Every structure is written in structure tokens, then in C-alpha cells.
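Here my numbering = 1-based position in the first sequence + 31. Just so you know, even glycine gets a beta-carbon here, dropped at the ideal spot from N, CA and C. Nothing here was measured: the structure is a model prediction, and the numbers come from that model. Structure first, commentary second.
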Amino acid sequence: MPELPEVETIVRGLARRIVGDTITSVWIGSRPQPLRSLASEIVRTLEGTRIQGIRRAGKHIVFELAINNTAKATHSNAKVKLPRKRKQDALAPLESSANAFAHWVVHLGMTGRLVVCEPEAEIAKHTHLIATLASGRELRFIDPRMFGKLSVHAAAFDPGGVEPLDVDEETFVNLFHGRKTPIKSALLNQKLVRGVGNIYADESLFRAGIRPRRRASTITRAQLAKLYESVREVLREAIALGGSSISDYVDADGEEGFFQLQHRVYGREGEKCLVCKTPIRRVVLSGRSSHYCPNCQK
DNA sequence: ATACCGACCTGTCAGC
DNA sequence: TGCTGACAGGTCGGTA
Numbered sequence: 032m033p034e035l036p037e038v039e040t041i042v043r044g045l046a047r048r049i050v051g052d053t054i055t056s057v058w059i060g061s062r063p064q065p066l067r068s069l070a071s072e073i074v075r076t077l078e079g080t081r082i083q084g085i086r087r088a089g090k091h092i093v094f095e096l097a098i099n100n101t102a103k104a105t106h107s108n109a110k111v112k113l114p115r116k117r118k119q120d121a122l123a124p125l126e127s128s129a130n131a132f133a134h135w136v137v138h139l140g141m142t143g144r145l146v147v148c149e150p151e152a153e154i155a156k157h158t159h160l161i162a163t164l165a166s167g168r169e170l171r172f173i174d175p176r177m178f179g180k181l182s183v184h185a186a187a188f189d190p191g192g193v194e195p196l197d198v199d200e201e202t203f204v205n206l207f208h209g210r211k212t213p214i215k216s217a218l219l220n221q222k223l224v225r226g227v228g229n230i231y232a233d234e235s236l237f238r239a240g241i242r243p244r245r246r247a248s249t250i251t252r253a254q255l256a257k258l259y260e261s262v263r264e265v266l267r268e269a270i271a272l273g274g275s276s277i278s279d280y281v282d283a284d285g286e287e288g289f290f291q292l293q294h295r296v297y298g299r300e301g302e303k304c305l306v307c308k309t310p311i312r313r314v315v316l317s318g319r320s321s322h323y324c325p326n327c328q329k
């Protein structure tokens with residue numbers, strides 16, 4: 032579901048609402064699919080920490096948690112608990128340092144949502160984690176398809192790839208040098224550029240006038256420079272509009288984004304190109320729908 | 001290395 | 001109304 036602009040919108044919403052709050056207890060559901068760390072480890076890491084910051088790394092949401100001994104919950108309503116001995120052993124290295132931080136990383140997959148709500152709010156189907164906050168509110172992770180991922184890390188989290196909005200043109204252009212893969216596949220490769228997904232790849236390629244199937248190695252430097260600008264322009268515009276809402280995607284405040292109104296090719300198969308009136312074509316490229324104008328894109 | 005495919009899951013919607 | 005199949009914003013692992 033969410034690509035970079037949606038995740039950025041969600042992160043800003045969350046940061047505004049819960050930075051500075053403390054996680055007092057954590058409940059985790061019985062479905063293990065979204066968990067990339069042990070449930071017990073997630074509970075143990077989150078409980079008692081203060082949310083120092085929330086940032087985005089590609090499509091990942093990273094919670095920076097300050098470990099605060101005095102606020103450590105004396106008990107929790109978590110379903111999963113570790114034996115006392117192991118719990119103490121595992122905590123020792125983190126608590127021994129003066130400024131201990133942990134990182135909670137959330138990837139929303141296709142249908143994941145993070146919502147902040149009052150505890151009496153109805154618990155949605157497919158709720159996999161509930162973090163109770165010292166302010167009295169709850170942070171909940173909901174994900175019907177369970178493609179989302181939750182993990183905790185003691186060290187700084189680095190998903191690889193470059194941030195398209197931070198990288199310079201030279202570095203961006205060089206990422207594609209000599210690659211025979213279709214340019215769209217390269218754009219979707221999170222180890223190269225992080226944060227670009229199916230919608231924004233199609234929209235960026237349209238603005239740059241490049242067909243999704245073009246081999247990256249056959250694209251001129253000038254065209255790649257154009258693509259660099261297109262990717263950044265599309266992402267910035269989408270962030271400014273709060274992301275693309277298709278079906279049920281909403282940000283942390285429950286507000287919809289509006290970038291879907293700006294889509295020029297995505298989801299417009301058969302409709303006229305806004306530039307030249309040629310019908311937009313849809314093809315399947317490595318299993319993903321790809322939309323382009325056969326006249327404007329070469 | 002790279003490309004293609006199915007798998008992972010549930011929900012929705014169009015068509016019959 | 002209800003069934004079936006296609007499709008969905010993301011990744012991962014296997015295979016050729």
C-alpha cells in the first residue's frame with residue numbers, strides 16, 4: 032500500500048502526536064506473520080521506553096526509543112512473556128549503557144496501518160499489536176494481509192539504498208550504470224533507491240518520457256538526469272498532498288491524501304494521455320501492473 | 001548477476 | 001443474491 036510519500040505522511044502524523052510519550056505496556060496478537068523479531072523481544076524492548084523520535088527510512092517507519100529504567104513497567108498485559116532468567120540476561124547489555132536506545136521498525140507492507148486512538152475505541156479486525164501509552168492513548172498496528180513487518184534493533188537501522196530526496200544527481204544516475212534490468216525494476220529495487228513503489232515508479236517514468244521496460248543501460252545520462260528530477264518532483268508533490276489514497280489508505284489522523292487526483296498514468300488504462308490523447312497502456316512487468324503512454328514514453 | 005514466477009494473506013469488486 | 005476469478009500500493013526466495 033504505502034510508498035514513500037504515504038509513509039512520510041504517516042510518520043509526520045505520528046511524530047506530531049506521540050513523540051515524547053512513553054510505552055507502558057504492549058499486547059501482541061497470536062498471528063506470527065508480521066513479526067520479524069520474537070514477540071517476546073518486541074514486548075521487552077518496547078515496554079518502558081520513551082518515544083524519542085519517529086523517522087522514515089525508505090518505506091520503513093523507525094521509532095527511536097530511549098530506554099528509561101525508572102519508567103519500566105512492573106507488569107504488562109502482554110500475552111507473550113519470557114522466562115524471568117532470560118529476560119534479565121537479554122536486557123543487560125542495553126541497560127548497562129548510559130544513553131541506551133532501541134529501534135522499533137515497522138514496515139506497512141500493502142495494507143498495514145498505525146493508528147493512535149483512545150483505549151475504548153473498537154479494536155479493528157486484524158489488529159496485531161497494541162502499545163499502551165503513558166498519556167492514556169494507544170498505538171495500534173492493523174494489517175489484514177499481514178505483509179507488514181515489525182522488528183526491533185539494538186543498533187541503528189539501515190535498509191540499504193539511497194533516499195531519493197537526499198541523494199545527488201551524480202550518485203542517482205550512477206546507480207543505473209550498466210544494468211540490463213528494465214528501468215522500472217531498477218526503480219522498484221529498494222537496495223538501489225528506497226521508497227519508490229509501483230505508483231510513483233509509473234508516474235516518474237511518465238514524466239521522464241521513459242518506457243517501463245527500457246533497459247537501464249540503454250538510457251542516456253541526460254535522460255537519467257531527467258528521471259532524477261521526475262522522481263523527486265513526483266515524490267515532493269505527493270508528500271505535499273498527503274500521499275495517494277486508493278481504497279482505504281489513510282494517515283495517522285485518519286485523513287486521506289489527495290495525490291491520486293494527480294495520477295497521470297497509474298490506474299488510467301485505456302484513458303487518454305493528458306498530454307497527447309493516446310490511450311494509456313497497461314502491461315505486466317515482473318508481476319506488477321505498469322502504466323505508460325506509448326507515444327510520450329520511448 | 002538477472003528475470004521471471006509463485007508465495008505470502010485477506011478483501012473488494014466486476015461479471016456472470 | 002451468491003459464486004468465481006482477477007486484482008491490489010510490497011517483498012522474498014527459488015529457479016533457470
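(message) Beta-carbon within less than 6 Å of A239's beta-carbon, same chain only, minus the 5 sequence neighbours each way: which residues are those?
(response) Mapped onto the first sequence, residue 239 falls at position 208. By the criterion of a C-beta distance shorter than 6 Å, A239 is surrounded in its chain by K257, L258, S261, once the five residues flanking it on both sides are discounted.
(message) Suppose you measure from the CA of V224 to the CA of T142; what does that come to, to the nearest Å?
(response) Reading the first sequence from its first residue, position 193 is the one you call residue 224. Reading the first sequence from its first residue, position 111 is the one you call residue 142. Here the alpha carbon of V224 sits roughly 22 Å from the alpha carbon of T142.
(message) Please return the same chain residues whose Cβ sits closer than 6 Å to the Cβ of T76, not counting the five positions on each side in sequence.
(response) Position 45 of the first sequence, counted from the first residue, corresponds to residue 76. Excluding sequence neighbours, T76 sits near A133, V183.
(request) Taking R267 as part of the alpha helix (DSSP H), name the residues at either end of that continuous run. (result) Within the first sequence, the letter at position 236 stands for residue 267. Where R267 is concerned, the enclosing alpha helix (DSSP H) starts and stops at 252-271.
(request) Note down, one range per segment and in chain order, each alpha helix (DSSP H) of at least 4 residues found wholly within the stretch 37-80. (result) Counting only runs of 4 or more, we get 70-77.
(request) Keeping to the same chain, check which residues put their C-beta closer than 8 Å to that of I250; ignore five residues upstream and five downstream. (result) As a working note, residue 250 is residue 219 in the first sequence. Once the five neighbours on either side are set aside, the close Cβ partners of I250 are F207, I214, I241, L258.
(message) Looking at the strands, I want to know which residues DSSP matches up with A162.
(response) One-based indexing of the first sequence puts residue 162 at position 131. In the DSSP output, where bridge partners are listed per residue, A162 has V57, L170.
(message) Which same chain residues end up closer than 7 Å to E200 when comparing Cβ atoms and leaving out the 5 residues on each side of it in sequence?
(response) For this step, residue 200 is matched to residue 169 along the first sequence. Excluding residues within five positions, the ones whose Cβ falls inside 7 Å are A256, Y259.
(message) Please state the DSSP three-state secondary structure of K180.
(response) The residue given as residue 180 occupies position 149 in the first sequence. Of the three classes helix, strand and coil, the one that applies to K180 here is strand, per DSSP.
(message) Would you call the stretch 44-59 in contact with the stretch 137-154, where contact means no fewer than 3 C-beta pairs closer than 8 Å?
(response) Judged by Cβ distances under 8 Å, the stretch 44-59 makes contact with the stretch 137-154, as three or more pairs qualify.
(request) Over the uninterrupted beta strand (DSSP E) stretch that includes L145, give me the two end residues. (result) Position 114 of the first sequence, counted from the start, is the residue given in the question as residue 145. Segment 144-148, the beta strand (DSSP E) holding L145.
(message) At the level of alpha carbons, what is the spacing between E302 and G79?
(response) Within the first sequence, the letter at position 271 stands for residue 302. Within the first sequence, the letter at position 48 stands for residue 79. Each residue's alpha carbon lies about 53 Å from the other.
(request) Can you have a look at A247 and say buried or exposed, based on whether 16 or more other CB atoms are within 10 angstroms of its CB? (result) One-based indexing of the first sequence puts residue 247 at position 216. A247 should be labelled buried.
(request) Report the option in G60, R43, S320, L196 whose CA atom is closest to the CA atom of K156. (result) Translated into positions along the first sequence, residue 156 becomes position 125. Distances from the CA of K156 to each of G60, R43, S320, L196 were compared; the closest alpha carbon is that of G60.
(request) In angstroms with no decimal places, state the Cα-to-Cα distance between A152 and E169. (result) Against the first sequence, residue 152 aligns to sequence position 121. Against the first sequence, residue 169 aligns to sequence position 138. Cα to Cα, the separation comes out at about 9 Å.
(message) Only counting the same chain, and skipping five residues up and downstream in sequence, which positions put a Cβ closer than 7 Å to that of R67?
(response) The residue given as residue 67 occupies position 36 in the first sequence. Beyond the five residues adjoining it in sequence on each side, R67 comes within less than 7 Å, by CB distance, of K180, L181, S182 in the same chain, given in chain order.
(request) Out of S216, G209, T202, N220, point me to the one whose CA is closest to P190's CA. (result) Numbered from its first residue, the first sequence carries residue 190 at position 159. The residue among S216, G209, T202, N220 with its C-alpha nearest the C-alpha of P190 is N220.
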